[in-house]
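FYI, the numbering for the sequence shown is 19 to 339, going by this note's numbering. A short write-up of the structure that comes next.
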Amino acid sequence: MKNQDSILIFGASGQIGKSLIRKFTKNNYRVIAVTRSIHQKGYQIKTQSNYGYLELEEINSFDEHNISELMKKASVCINLIGILFERKKKQFGLIHTHLPSMLSQLALKNSLDQFIHLSALGIEAATDSNYAMSKLEGEQRVRQNFSKSVILKPSIVYSVDDNFTTSFMSLLNILPIMPLYYKGKTKFTPIHVTDLSNIIFEIVKKKITGETIECIGPQVFTFKELIIKILKSINKKRLLIQMPLPLAKLNAKLFQLMPKPLLTMDQLKLLKYDNIISKKYKTNFDMNMEANKKFEDEINRYSFNWSSGGQFSKKRISKIN
Ligand SMILES: NC(=O)c1ccc[n+]([C@@H]2O[C@H](COP(=O)([O-])OP(=O)(O)OC[C@H]3O[C@@H](n4cnc5c(N)ncnc54)[C@H](OP(=O)(O)O)[C@@H]3O)[C@@H](O)[C@H]2O)c1
């Protein structure tokens, strides 16, 4: 039977998923969290919620029957499944276009109240990036399939649980120099994960449908400015050098051979385009959904892990005292 306050989340074990589980369960919603491996991800997901508010579901094959069975128990479905690089050819298309298309069709079939789909900001102009084009096509399919959908397009989402600030903190710790692609001039509007979760929570609470919303934080930074802020936060000085494009391409070609690549050719292409609002869609601010967390304040809460001395670093100790 459908439970009116049940939220079905695909990709629940990621940064945004875990934050959403905390937000919804704390507010007495029941969450059905879907993962491909309870064995691998179950312990991380289980610790995010109060006892009794969370149901864990393992799905390995995303077939219509399995998904429909889960949708029968929920009133809202949130799709957070996404990848940053392809392990096989055409994987972007499968994950970012085909899967959201199928989920939105099934959301219609199972009479859900809302389908919330996470796409990305700044992808419209990036016609040479497979990631961007697969996400964009996914958005279009979701809009066509189900009128009660909401498409969210966040800029970089950051927190102690992210793949962005924490990776750069680790890298900057060991590298004596940091390469800047496109002169480090690409702009970003980072949003803290709890600000994004609050926005998603409001969308569910207010039963908003039929919208595409660009989700941004309160500040705009260039890539170079972000790196300088991260360096300051971990109390390190590094040489920032502008890397010429042919060298950057060589870099990306080598990096993308790694099991979890630091940079791929597709990501290098995407980095050329500003990650700021398009003015084509409303933003969270236009919809009175604030996102006020400041980048430097928030990264300072966890950057001590990457400072000399770690949890015993001078910065952390002085904060505690
Ligand atoms: N984080 C950002 O800065 C950012 C910015 C813009 C847009 N977004 C979008 O927001 C969504 C959520 O972001 P996130 O940072 O929370 O993502 P994430 O941490 O990378 O998590 C995504 C989840 O997707 C699932 N997944 C990964 N590969 C999969 C595959 N091949 N098949 C099925 N499931 C797979 C994983 O769940 P299991 O392993 O448990 O199955 C994973 O927990 C994504 O669509 C992302 O593109 C994120």
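By construction, the Cβ of each residue, glycine as well, lies at the ideal position given by its N, Cα and C atoms.
Count the other CB atoms within 10 Å of the CB of residue i; is the residue buried (16 or more) or exposed (fewer)?
i: Leu193; result: exposed
i: Asn216; result: buried
i: Asp180; result: buried
i: Pro264; result: exposed
i: Pro277; result: exposed
i: Ile317; result: buried
i: Gly70; result: exposed
i: Leu102; result: exposed
i: Gln162; result: exposed
i: Ser177; result: buried
i: Ile245; result: buried
i: Ser167; result: buried
i: Tyr61; result: exposed
i: Pro208; result: buried
i: Lys118; result: First, the residue type needs correcting, since residue 118 is Pro and not Lys in the sequence shown. Its Cβ being crowded by 16 or more others within 10 Å, Pro118 is buried.
i: Gln260; result: exposed
i: Gln58; result: exposed
i: Ser321; result: buried
Can you list, in chain order, the residues of its chain with a C-beta nearer than 8 Å to that of residue i? Leave out the 5 residues immediately preceding and following it.
i: Lys300; result: Glu229, Thr230, Ile231, Glu232
i: Lys242; result: Leu198, Lys201, Gly202, Lys203, Leu258
i: Lys36; result: Ala30, Gln62, Ile63, Gln66, Asp179
i: Val94; result: Ser24, Ile25, Leu26, Leu130, Asp131, Gln132, Phe133, Ile134, Val222
i: Phe80; result: Leu117, Met120
i: Arg319; result: Val178
i: Asn46; result: Asp23, Tyr71
i: Thr212; result: Ser37, Lys41, Ser177, Lys311
i: Phe303; result: Ile234, Ala309
i: Ser326; result: Asn253
What residues are listed by DSSP as bridge partners for residue i?
i: His135; result: Asn97, Ile169
i: Arg48; result: Ser24
i: Met340; result: A question about residue 340 goes unanswered here, because the residues of the chain that appear run from 19 up to 339.
i: His210; result: Tyr176
i: Lys205; result: Thr240
i: Ile231; result: Leu170, Lys300
i: Thr53; result: Glu76
i: Asn293; result: Phe206
Which residues in the same chain as residue i place their Cβ atom closer than 6 Å to its Cβ, once the five residues preceding and following it in sequence are excluded?
i: Asp146; result: Lys287
i: Lys153; result: His114, Ser137, Ala138, Ile141
i: Ser67; result: Ile39, Thr43
i: Ile96; result: Ile27, Ile134
i: Glu157; result: Ser137, Ile169
i: Lys205; result: Val238, Thr240, Asp292, Ile294
i: Glu314; result: Lys247
i: Glu104; result: Phe110
i: Phe273; result: Pro279, Leu280, Leu281
i: Gly235; result: Thr207, Pro208, Ile209, Ala309
i: Glu220; result: Met307
i: Lys290; result: Tyr200
If I'm right that residue i touches residue j with Cβ under 8 Å, what's the distance once you round it to whole angstroms?
i: Ile56; j: Ile39; result: 14 Å between Cβ atoms; not a contact.
i: Ala125; j: Met89; result: 7 Å
i: Arg48; j: Ser24; result: 5 Å
i: Lys311; j: His210; result: 4 Å
i: Val238; j: Ile294; result: 6 Å
i: Lys298; j: Met283; result: Going by Cβ atoms, the distance from Lys298 to Met283 rounds to 27 Å, so no, they are not a contact pair.
i: Ser188; j: Trp324; result: 7 Å
i: Ala51; j: Leu74; result: 6 Å
i: Phe164; j: Ile174; result: Going by Cβ atoms, the distance from Phe164 to Ile174 rounds to 27 Å, so no, they are not a contact pair.
Would you kindly report the start and end of the unbroken alpha helix (DSSP H) that includes residue i?
i: Glu104; result: Run containing Glu104: none; DSSP gives neither H nor E here.
i: His83; result: 82-89
i: Gly156; result: 148-163
i: Lys127; result: 117-127
i: Glu314; result: 313-320
i: Lys224; result: Per DSSP, Lys224 belongs to no alpha helix (DSSP H) and is neither H nor E.
i: Leu286; result: 283-288
Hey, quick one: how far does the beta strand (DSSP E) through residue i stretch, first residue to last?
i: Leu275; result: First-last for Leu275: undefined, no H or E at that position.
For residue i, collect the residues of the same chain with a Cβ closer than 7 Å to its Cβ; drop the 5 residues on either side in sequence, then sort them by chain order.
i: Thr111; result: Just to set this straight, residue 111 is Gly in the shown sequence, not Thr. Correct list, in chain order: Ser152.
i: Leu190; result: Met196, Ile248, Leu249, Ile252, Lys254, Arg256
i: Glu155; result: Thr115
i: Tyr149; result: Phe110, Asp284, Leu288
i: Ile77; result: Val52, Arg54, Asn84
i: Ser296; result: Glu142, Glu232
Counting only beta-carbon separations shorter than 7 Å, does residue i have a partner in chain D?
i: Gly111; result: The structure shown contains no chain D; it holds only a single protein chain.
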